[in-house]
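Asker: Structure below; questions to follow.
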Amino acid sequence: MLPEFDFLRPTTLTEALAMLAEHGPDAVPVAGGTNVIVDLRHRKHQPKALVDMGRVAELRGIRRDDGHIVVGAGTTISELLTHPLIAEHASILHDAARVFANPLIRNRATVGGNLADASPAADTAPPLLALGAEVALASQAGTRWLALADFLVGVRKTLRRPDELLTAVRWSPPPAPQSWGERPSPQSWGARGAQASSPQSLRVRGAYTKIGLRKADAISVLSAAVVVTQDGAGRCQRVAIALGAVAPRPFRATEAEILLTGQPLTAEAIAEAARLAAAAIRPISDIRGEADYRRRVTEVIVRRLLAQAAMPRRTAIETAG
Ligand SMILES: Cc1cc2nc3c(=O)[nH]c(=O)nc-3n(C[C@H](O)[C@H](O)[C@H](O)COP(=O)(O)OP(=O)(O)OC[C@H]3O[C@@H](n4cnc5c(N)ncnc54)[C@H](O)[C@@H]3O)c2cc1C
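Converting from the sequence shown to my numbering requires adding 1 to each position, the first position being numbered 1.
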């Protein structure tokens, strides 16, 4: 049995924000409901009202906007699988969507719900962190953008205030081959301590993996995403290594990233970066795996993903022609 609550059904973002402002922490937003309903059944929430986001058109859709790829918070995981912008600019997110839950859940579960729920094992978080994504939080006072890495603060804890809705997630796509000649790569894809290089010679590659207890419909024991931008000489200009289900929140392994920046992806550098990434995790032992297992597997998976990124062939996210 579910507890009793008012079920509010706004049709616009303005209406939804007014309802949240009025009810404050007594109201819980609900998108696909795949977490909320489970939590209600287990009495983790006892809200006076659920504010259903399902009819709010402003939260839907995937588009290009001002140099960013923007994904509406109400976009379902299934929609990530079919949209050409995701296939072209964020194959690691596409890969994560492919192994997310099962088709029924994917048809209901939203990207916004996955991030706002802030599970350590949220599967869209590592690829979005690796892409350098930001989230939009809207309230009646306006919209603020926060780095996803800052938004996620702990186990099911975020910086969202009760009167705010997560409306979208965005990132600057890696430079596309056809635009390399015309515009420099966005700053987030540029060098961090690395030598400048002509945009034409940049090569961006990414890779994603999820370890579960079975091949489908499994919560992650560990998930990892990497994106590596290399210059023409093979030196790393930007490295992003994001990990899920191995710490209180999905996070970037920054020490490992710094080690590789400015360096070629040699076997030794990759092995050292993987060791640093494994040293940065704070895993727990639970029904899905022991902390020690997660430590060992993190090192192996990060090594494999970086090696995959170093290989001279197209991978999921590669944009070089
Ligand atoms: C059988 C099953 C399998 C699952 N498998 C996976 C899996 O493989 N990988 C994975 O990552 N997760 C999995 N989940 C968890 C869940 O499906 C996802 O986290 C999903 O993305 C949540 O999205 P939702 O739209 O259903 O969120 P909801 O349940 O509607 O909401 C989740 C949380 O986000 C808040 N919220 C929702 N939308 C907004 C918004 N726009 N602004 C602010 N707050 C908001 C809600 O208040 C709530 O706190 C699974 C769940 C089930 C039941």
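A virtual CB, placed ideally from N, CA and C, is assigned to each residue, including glycine.
Assuming residue 113 and residue 32 make a contact with CB atoms under 8 angstroms, what is their CB distance in whole Å?
Answerer: Start at 1 with the first residue of the sequence shown, and residue 113 comes out as number 112. Start at 1 with the first residue of the sequence shown, and residue 32 comes out as number 31. Contact annotation, residue 113 with residue 32: C-beta distance approximately 6 angstroms; criterion of less than 8 angstroms satisfied.
Asker: Relative to the C-alpha of residue 220, which residue among 70, 288, 67 and 76 is closest?
Answerer: Residue numbering aside, residue 220 sits at position 219 when the sequence shown is read from its first letter. The shortest C-alpha separation from residue 220 is found at 288.
Asker: Compute the Euclidean distance between the alpha carbons of residue 2 and residue 47, then round it to the nearest angstrom.
Answerer: Here residue 2 refers to the residue found at position 1 of the sequence shown. Here residue 47 refers to the residue found at position 46 of the sequence shown. Those two C-alpha atoms are separated by around 12 angstroms.
Asker: From the DSSP output, which residues share a beta bridge with residue 159?
Answerer: As a position in the sequence shown, residue 159 is number 158, starting the count at 1. Paired residue(s): 153.
Asker: Rounding to the nearest angstrom, what Cα-Cα distance links residue 36 and residue 118 in this structure?
Answerer: As a first step, residue 36 is located in the sequence shown; it is residue number 35 there, counting from the start. As a first step, residue 118 is located in the sequence shown; it is residue number 117 there, counting from the start. The alpha-carbon atoms of residue 36 and residue 118 are separated by roughly 8 angstroms.
Asker: Would you please state the rounded distance, in angstroms, between the beta carbons of residue 121 and residue 226? I believe it to be under 8 angstroms.
Answerer: The residue given as residue 121 occupies position 120 in the sequence shown. The residue given as residue 226 occupies position 225 in the sequence shown. Not quite, the Cβ-Cβ distance comes to about 15 angstroms (not below 8 angstroms), so this is no contact.
Asker: Just to confirm, is the Cβ distance from residue 125 to residue 94 under 9 angstroms?
Answerer: In the sequence shown, residue 125 corresponds to position 124, counting from 1. In the sequence shown, residue 94 corresponds to position 93, counting from 1. Contact flag set, yes.
Asker: For ligand 1, any of its heavy atoms closer than 8 angstroms to the Cβ of residue 124?
Answerer: The residue labelled residue 124 in the question sits at position 123 within the sequence shown. Residue 124 Cβ: within cutoff of ligand 1.
Asker: Per DSSP, which one or two residues make a beta bridge with residue 69?
Answerer: Position 68 of the sequence shown, counting from 1, holds the residue named residue 69. Residue pairing from DSSP places residue 69 in a beta bridge opposite 66.
Asker: Quick one: which unbroken beta strand (DSSP E) runs of 3-plus residues sit fully inside the region 33 to 100? Chain order, please.
Answerer: 50 to 53, 63 to 66 and 69 to 73
Asker: Taking 8 angstroms as the cut-off, is the beta-carbon of residue 165 closer than that to any non-hydrogen atom of ligand 1?
Answerer: Here residue 165 refers to the residue found at position 164 of the sequence shown. Yes, since a heavy atom of ligand 1 falls inside the 8 angstroms radius drawn around the Cβ of residue 165.
Asker: What separation, rounded to the nearest whole angstrom, lies between the Cα atoms of residue 28 and residue 49?
Answerer: For the purposes of this step, residue 28 is taken as residue 27 along the sequence shown, with counting starting at 1. For the purposes of this step, residue 49 is taken as residue 48 along the sequence shown, with counting starting at 1. One C-alpha to the other measures close to 6 angstroms.
Asker: Tell me the DSSP secondary structure of residue 223 in three-state form.
Answerer: Sequence index remark: in the sequence shown, residue 223 carries index 222 (1-based). The answer is strand: DSSP assigns residue 223 an E or B state.
Asker: My output table needs one value for residue 113: the three-state DSSP class, helix, strand or coil.
Answerer: Here residue 113 refers to the residue found at position 112 of the sequence shown. Residue 113: helix per DSSP, three-state reduction.
Asker: Could you name the residues of the same chain whose beta carbon sits closer than 7 angstroms to that of residue 251, not counting the 5 residues immediately before and after it, in chain order?
Answerer: Start at 1 with the first residue of the sequence shown, and residue 251 comes out as number 250. 121, 123, 126, 127, 130, 153, 243, 244 and 245, listed in sequence order.
Asker: Just how far apart, CA to CA, sit residue 110 and residue 84?
Answerer: The sequence position of residue 110 within the sequence shown is 109, counting from 1. The sequence position of residue 84 within the sequence shown is 83, counting from 1. Roughly 16 angstroms between the two C-alpha positions.
Asker: Flag residue 100 as yes when its Cβ comes closer than 8 angstroms to any non-hydrogen atom of ligand 1, and as no otherwise.
Answerer: Numbered from its first residue, the sequence shown carries residue 100 at position 99. Residue 100: yes, Cβ under 8 angstroms from ligand 1.
Asker: Helix, strand or coil, according to DSSP, for residue 7 in the structure here?
Answerer: Here the question's residue 7 lines up with position 6 in the sequence shown. Looking at residue 7 - three-state DSSP - the assignment turns out to be strand.
Asker: Quick one: does the C-beta of residue 54 sit closer than 8 angstroms to a heavy atom of ligand 1?
Answerer: Within the sequence shown, numbered from 1, the residue matching residue 54 stands at position 53. Checking the Cβ of residue 54 against ligand 1 gives yes.
Asker: Leaving out the 5 sequence neighbours to the left and right, which residues in its chain are closer than 7 angstroms to residue 217 when beta-carbon positions are compared?
Answerer: If you number the sequence shown from 1, residue 217 lands on position 216. Only 103 meet the Cβ criterion.
Asker: For the alpha helix (DSSP H) containing residue 16, name the first residue and the last one.
Answerer: Translated into positions along the sequence shown, residue 16 becomes position 15. First-last of the alpha helix (DSSP H) with residue 16: 14 to 24.
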